[in-house]
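These notes are about the structure you will find just below.
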Ligand code: NAP
């Protein structure tokens, strides 16, 4: 992601929350973290293993509130590991007592599951791990977060249009995202009486590590640019802005929603011929 200035303000002042899914500077979770911090939020992060800690720690330090001289809260957390999940939320309870929001930006499917024929290439184990890491982890993290969340808090997860429509090579991840979006609605219903809101952001393609794992990525970016209403690729800042809206009090009364931030790609039935021709010359 190019260096960008996220709008500053106090929309998240006094709010504390957990960001799950920063792998590097290009991660969508990192754009969201920067936007929330620019509006006064205090953030804790998860990472997976020592190698990732080396990358995530300096990022976490860079968004610590001005004047704070402590260490950022960083939790080693593979979402398939119950002990690590337990320890992560235990740490938050010990350090902060309560939290106000959760950002879940985690997905995984084996590379062999993300190419070619869905029906032929999806294995039982591939299906289970994609659904476990990419969908169940939000339910699990959401339940643990809700136990220590102030009433009036909010949760956001990241999804993609492959849940609603067929996207070549997205395959089992599309099925996992459909489960994630349905989980979002059920979680919203369960937590609604406590005024805790649960929403999903359906982002258009953005160049990250996770996106690089999907076959025919270049074609996907070119096609999205040509066929979206705005004829451009999705800006991570727009996704971060949507997360700010949904996680702050601006998002009051909005829950159980899948909000598209994709330059209007989802709204188009048939793309304009001109840009499409330019992107795919005969
Ligand atoms: P990213 O930077 O690669 O982030 C994916 C994150 O998931 C990484 O931090 C990764 O950690 C983490 N993860 C994977 N398996 C995990 C596990 N078992 N336990 C804990 N963490 C795990 O890619 P991203 O594009 O920002 O992805 C964030 C979310 O946005 C995903 O849900 C993705 O599906 C969604 N999304 C992305 C796009 C896009 O075009 N990029 C579009 C729509 C939605 P490790 O690196 O340590 O594995």
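In the working numbering, the protein residues as written are 15 to 296. Ideal Cβ positions, reconstructed from N, Cα and C, are used throughout, including at glycine.
In three-state DSSP terms, what is residue i?
{"i": "residue 76", "result": "helix"}
{"i": "residue 38", "result": "coil"}
{"i": "residue 213", "result": "strand"}
{"i": "residue 26", "result": "coil"}
{"i": "residue 31", "result": "strand"}
{"i": "residue 246", "result": "coil"}
{"i": "residue 252", "result": "helix"}
{"i": "residue 19", "result": "coil"}
{"i": "residue 276", "result": "coil"}
{"i": "residue 234", "result": "helix"}
{"i": "residue 172", "result": "strand"}
{"i": "residue 156", "result": "helix"}
{"i": "residue 166", "result": "strand"}
{"i": "residue 266", "result": "coil"}
{"i": "residue 140", "result": "helix"}
{"i": "residue 239", "result": "helix"}
{"i": "residue 227", "result": "coil"}
{"i": "residue 285", "result": "coil"}
{"i": "residue 220", "result": "coil"}
{"i": "residue 49", "result": "helix"}
{"i": "residue 292", "result": "helix"}
What do you reckon, is the C-beta of residue i under 6 Å from a heavy atom of ligand 1?
{"i": "residue 220", "result": "yes"}
{"i": "residue 35", "result": "yes"}
{"i": "residue 62", "result": "yes"}
{"i": "residue 92", "result": "yes"}
{"i": "residue 257", "result": "no"}
{"i": "residue 174", "result": "yes"}
{"i": "residue 365", "result": "Beyond the ends of the chain as shown, which are 15 and 296, falls residue 365; an answer cannot be given."}
{"i": "residue 225", "result": "yes"}
{"i": "residue 310", "result": "Limits of the chain in this structure are 15 at one end and 296 at the other, which puts residue 310 out of reach."}
{"i": "residue 217", "result": "yes"}
{"i": "residue 128", "result": "no"}
{"i": "residue 147", "result": "yes"}
{"i": "residue 66", "result": "yes"}
Buried or exposed: residue i, going by 16 or more other Cβ atoms within 10 Å of its Cβ?
{"i": "residue 177", "result": "buried"}
{"i": "residue 200", "result": "exposed"}
{"i": "residue 166", "result": "exposed"}
{"i": "residue 23", "result": "exposed"}
{"i": "residue 292", "result": "exposed"}
{"i": "residue 195", "result": "buried"}
{"i": "residue 133", "result": "exposed"}
{"i": "residue 218", "result": "buried"}
{"i": "residue 21", "result": "exposed"}
{"i": "residue 46", "result": "buried"}
{"i": "residue 114", "result": "buried"}
{"i": "residue 180", "result": "exposed"}
{"i": "residue 163", "result": "buried"}
{"i": "residue 56", "result": "buried"}
{"i": "residue 277", "result": "buried"}
{"i": "residue 7", "result": "This structure cannot settle anything about residue 7, because the visible part of the chain is limited to 15 through 296."}
{"i": "residue 65", "result": "exposed"}
{"i": "residue 76", "result": "exposed"}
{"i": "residue 191", "result": "buried"}
{"i": "residue 282", "result": "exposed"}
{"i": "residue 125", "result": "exposed"}
{"i": "residue 104", "result": "exposed"}
Item to check | Completely contained alpha helix (DSSP H) runs for the segment 180-209, where each covers 4 or more residues | outcome: 185-205
Next on the checklist: Please give the ranges of any beta strand (DSSP E) in the segment 56-132, keeping only runs that are unbroken, at least 3 residues long and fully inside the region.
Outcome noted: Within the segment 56-132, the complete beta strand (DSSP E) runs of at least 3 residues are 56-61, 87-90 and 113-118.
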